[in-house]
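In my numbering, the protein residues as written are 70 to 163.
Glycine residues also receive a C-beta, built at the ideal position from the N, C-alpha and C atoms.
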């Protein structure tokens, strides 16, 4: 598991008080079904915590909100993408 994936997994465990370790979370497994079986309230709580921690915006009406929470791997890719958009070269002051 990559470092951001591990960090996000630990954040999920801490935020949602999950009784498991980072190693128990399969980064490719669906977050909403199967392994973690997160519900919409869990996802909302995670969205707020992740948004604050990584200084990004995750809104419930985002077009990619469903793909963002498909898996831990997808979430890590989405966080990285949103962080990169935030620091795009055309936005950096000269």
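According to the DSSP assignment, residue 137 belongs to the alpha helix (DSSP H) that extends over 134-137. With a cut-off of 8 Å on Cβ pairs, the stretch 81-96 is in contact with the stretch 134-146, counting three or more such pairs. Within its own chain, the residues whose Cβ lies closer than 8 Å to the Cβ of residue 137, once the five positions on either side in sequence are excluded, are 127, 131, 143, 144 and 147, listed in chain order.
A residue is called buried when at least 16 other Cβ atoms come within 10 angstroms of its Cβ; residue 89 does not meet this threshold and is exposed. By the neighbour-count criterion, in which 16 or more other beta carbons inside 10 Å mark a residue as buried, residue 116 falls on the buried side.
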